[in-house]
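Peer 1: Got a structure here, written out as structure tokens. Questions coming.
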Amino acid sequence: MSQQHEINGYSAPNKPFNRRLYESPAPSQAHNESANATFGGCFNAYSSWTPGRNNGQPIAPIFQSTPKQSSVLYKYSSWRNNTPGSTPRNQSSDIGSVRLRLIDLELNDAPSSSNTSHNRSLRSTLPVWAIDEQGGVAESVTLKEVLANESLIEFATDKNGCRFLQEQYPIASDGGIHDEIFRKMVEDRELFLSMCRNMFGNFFVQRMVECSNPEEQEIVMEHLITDMFALCMDKSACRVIQLAIQKLETHLASRLASELRDSDLVRLSVDQNGNHVIQKIIKTLPVSAWDYIVKIFL
Numbered sequence: 001m002s003q004q005h006e007i008n009g010y011s012a013p014n015k016p017f018n019r020r021l022y023e024s025p026a027p028s029q030a031h032n033e034s035a036n037a038t039f040g041g042c043f044n045a046y047s048s049w050t051p052g053r054n055n056g057q058p059i060a061p062i063f064q065s066t067p068k069q070s071s072v073l074y075k076y077s078s079w080r081n082n083t084p085g086s087t088p089r090n091q092s093s094d095i096g097s098v099r100l101r102l103i104d105l106e107l108n109d110a111p112s113s114s115n116t117s118h119n120r121s122l123r124s125t126l127p128v129w130a131i132d133e134q135g136g137v138a139e140s141v142t143l144k145e146v147l148a149n150e151s152l153i154e155f156a157t158d159k160n161g162c163r164f165l166q167e168q169y170p171i172a173s174d175g176g177i178h179d180e181i182f183r184k185m186v187e188d189r190e191l192f193l194s195m196c197r198n199m200f201g202n203f204f205v206q207r208m209v210e211c212s213n214p215e216e217q218e219i220v221m222e223h224l225i226t227d228m229f230a231l232c233m234d235k236s237a238c239r240v241i242q243l244a245i246q247k248l249e250t251h252l253a254s255r256l257a258s259e260l261r262d263s264d265l266v267r268l269s270v271d272q273n274g275n276h277v278i279q280k281i282i283k284t285l286p287v288s289a290w291d292y293i294v295k296i297f298l
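Here UniProt numbering is used: the first residue of the sequence shown is 1, the next is one more, and so on.
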């Protein structure tokens, strides 16, 4: 047991606290030396935690804090005083092994939910009655049930539901399901245009255009022409426009192309989506339908 210290006439024995023995120097000694005996401002030379403490009465703490991993290069004494400097990560090896390209990601691998607006649209919109155990469309579901439950839009905006509609949609007008589905899709123009812009709905609209008769093509053209420029600039809707120019009757497709005559063709031509529409017009339609494009750039 170490000697007792007398402070202001009070004699206090050194007693262990939590199995650790703490000592304090006389106030005058602490006042003169503590300023020069601090280690990083965290502890001083008289602290029992000070590594290499030598004040005449060395005390080895019973419990010692050690690094979690004993295999590291820094031992207790140096680990206490010297924090190893951080070293730069090996960027080439770490990143190269886990690097992902956006082009490698497919819709089939996309998460079903997320906090972002983009991934929120990937959530299944299928009604509960139509979902199987794997989250897809149950085999027992039919187009008649979809129409009877007024779930056409829910199916069209879902990845699996849209695929189901494309596979089941009748190719030719039969006066039945084909006509009823087409009517429900085009009866509201704003709804139809929103389907063109939807990341899944646009594929079903393309299927409808492929299977449309002359009367249905006329309706499709009248809807598309109302917002032609904006649709051409949209990532999803530009696909519908390209297919319409390719599949619609020539005079109907030419009307779509002529709607762009007074628009900002330069902006459209350099846009990552709009330029594909310009290319499709030039490749598909007669020169008389797109000669105004040439004049703009001459």
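All C-beta atoms in this analysis are idealised placements derived from N, C-alpha and C, irrespective of residue type, glycine included.
1) Rounded to the nearest angstrom, what separates L152 and L165 at their Cα positions?
2) CB-CB under 7 Å to S212, same chain, minus the five flanking residues each way: which ones, in chain order?
3) Under a three-way DSSP split, which group does V240 fall into?
4) Using alpha carbons as the reference points, say which of D174, E187 and T125 lies closest to D158.
5) Between V137, R189, K184 and H251, which lies nearest to P214 when the distance is taken from Cα to Cα?
6) Taking R189 as the reference, give the member of V270, D227 and R239 with the closest Cα.
7) Which residues share a DSSP beta bridge with V137?
8) Suppose you measure from the CA of Q246 to the CA of G176; what does that come to, to the nearest Å?
9) Kindly provide the ranges of any alpha helix (DSSP H) runs that are 4 or more residues long and lie completely inside the UniProt repeat "Pumilio" (259 to 295), ordered along the chain.
10) Could you check how far apart the C-beta atoms of L265 and I296 are, in whole angstroms? I think they sit under 8 Å.
11) For the alpha helix (DSSP H) holding D158, just list the boundary residues, first then last.
12) For Q242, count neighbouring Cβ atoms within 10 angstroms of its own Cβ and tell me buried if that reaches 16, exposed if not.
13) Would you grab the beta carbon distance between C232 and G201 for me? Rounded to a whole angstrom, and I think it's under 8 Å.
14) Quick check on S194: does DSSP put it in helix, strand or coil?
15) I want to see whether chain C comes within less than 8 Å of M185, judged by CB atoms only; does it?
16) What does a CB cutoff of less than 7 Å around S269 pick up in its chain, not counting 5 residues either side in sequence?
17) Could you give the distance in angstroms between the alpha-carbon of V205 and the alpha-carbon of A244?
18) For R123 and F203, what's the separation of their Cα atoms in angstroms?
19) Assuming A289 and S254 form a contact by the criterion Cβ under 8 Å, report the distance between their Cβ atoms to the nearest whole angstrom.
20) Verify whether the separation of the beta carbon atoms of S258 and R197 is less than 8 Å.
21) Excluding five sequence neighbours on each side, which residues of the same chain lie with their C-beta closer than 8 Å to the C-beta of A35?
22) For P127, which residues from the same chain have a beta carbon less than 7 Å from its beta carbon, with the 5 sequence-adjacent residues on both sides left out?
23) Do you know how far the Cα of E167 is from the Cα of E139?
24) Which of the three DSSP states is assigned to A253 in this structure?
25) Grab me the residues of Y169's own chain with a C-beta within less than 6 Å of its C-beta, minus the 5 sequence neighbours each way, in chain order.
26) Could you compute how far the alpha carbon of I282 sits from the alpha carbon of N160?
27) Let me know if V294 comes out buried or exposed under the rule of 16 or more other beta-carbons within 10 Å of its beta-carbon.
Peer 2: Considering the structure as presented:
1) Within the sequence shown, the letter at position 152 stands for residue 152. Within the sequence shown, the letter at position 165 stands for residue 165. So the two alpha carbons sit approximately 9 Å from each other.
2) Translated into the one-based positions of the sequence shown, residue 212 becomes position 212. When the five nearest sequence neighbours on each side are left out, the beta carbons in the same chain lying within less than 7 Å of the beta carbon of S212 are those of V220, in order along the chain.
3) What you label residue 240 is simply residue 240 of the sequence shown in a count that begins at 1. Helix at V240.
4) Along the sequence shown, one-based indexing puts residue 158 at 158. Closest by alpha carbon: T125.
5) Counting from 1 along the sequence shown, the entry for residue 214 is found at position 214. Ranking the options by Cα distance to P214, first place goes to H251.
6) Along the sequence shown, one-based indexing puts residue 189 at 189. Ranking V270, D227 and R239 by Cα distance to R189 puts D227 first.
7) The count along the sequence shown starts at 1 and reaches residue 137 at position 137. Looking at the DSSP output, V137 sits in a beta bridge with I131.
8) Within the sequence shown, residue 246 is the residue found at index 246, counting from 1. Within the sequence shown, residue 176 is the residue found at index 176, counting from 1. When rounded, the distance between both Cα atoms is 27 Å.
9) Entirely contained in the UniProt repeat "Pumilio" (259 to 295), the alpha helix (DSSP H) runs reaching 4 residues are, in chain order, 265 to 270 and 274 to 284.
10) Locating residue 265 in the sequence shown gives position 265, counting from the first residue. Locating residue 296 in the sequence shown gives position 296, counting from the first residue. That belief holds up - the Cβ atoms of L265 and I296 are roughly 5 Å apart, short of 8 Å.
11) Here residue 158 is taken as the residue at index 158 of the sequence shown, counted from 1. Annotation for D158: no alpha helix (DSSP H) segment contains it, and DSSP assigns it neither H nor E.
12) Against the sequence shown, residue 242 aligns to sequence position 242. Buried, by the Cβ-count rule.
13) Along the sequence shown, one-based indexing puts residue 232 at 232. Along the sequence shown, one-based indexing puts residue 201 at 201. Not a contact, Cβ separation roughly 17 Å.
14) The residue given as residue 194 occupies position 194 in the sequence shown. If DSSP states are grouped into helix, strand and coil, S194 belongs with the helices.
15) The chain inventory of the structure shown lacks chain C, comprising one protein chain alone.
16) As a working note, residue 269 is residue 269 in the sequence shown. Excluding positions up to five away in sequence, the list reads N275 and I278.
17) For this step, residue 205 is matched to residue 205 along the sequence shown. For this step, residue 244 is matched to residue 244 along the sequence shown. Rounded to whole angstroms, V205 to A244 spans 10 Å at the Cα level.
18) Start at 1 with the first residue of the sequence shown, and residue 123 comes out as number 123. Start at 1 with the first residue of the sequence shown, and residue 203 comes out as number 203. Whole-angstrom Cα-Cα distance: 17 Å.
19) Start at 1 with the first residue of the sequence shown, and residue 289 comes out as number 289. Start at 1 with the first residue of the sequence shown, and residue 254 comes out as number 254. At roughly 4 Å, the Cβ-Cβ gap stays under 8 Å, so A289 and S254 are in contact.
20) As a position in the sequence shown, residue 258 is number 258, starting the count at 1. As a position in the sequence shown, residue 197 is number 197, starting the count at 1. No, Cβ-Cβ distance for S258 and R197 is not below 8 Å.
21) The sequence position of residue 35 within the sequence shown is 35, counting from 1. Note that A35 scores 48 on pLDDT, short of 50, meaning its location in the model is unreliable and no value can be drawn from it.
22) Your numbering for residue 127 matches position 127 in the sequence shown. Taking C-beta separations shorter than 7 Å and ignoring five residues to either side along the sequence, the partners of P127 in its chain run N149, S151 and E154, following chain order.
23) Position 139 of the sequence shown, counted from the first residue, corresponds to residue 139. Position 167 of the sequence shown, counted from the first residue, corresponds to residue 167. Spanning the two alpha carbons is a distance of roughly 13 Å.
24) Position 253 of the sequence shown, counting from 1, holds the residue named residue 253. Looking at A253 - three-state DSSP - the assignment turns out to be helix.
25) In the sequence shown, residue 169 corresponds to position 169, counting from 1. Only residues of its own chain outside the window of five on either side were considered, and among them R207 have a CB closer than 6 Å to the CB of Y169, listed in chain order.
26) Counting from one through the sequence shown, the residue named residue 282 turns up at place 282. Counting from one through the sequence shown, the residue named residue 160 turns up at place 160. One C-alpha to the other measures close to 34 Å.
27) As a first step, residue 294 is located in the sequence shown; it is residue number 294 there, counting from the start. The residue is exposed, with fewer than 16 neighbouring Cβ atoms inside 10 Å.
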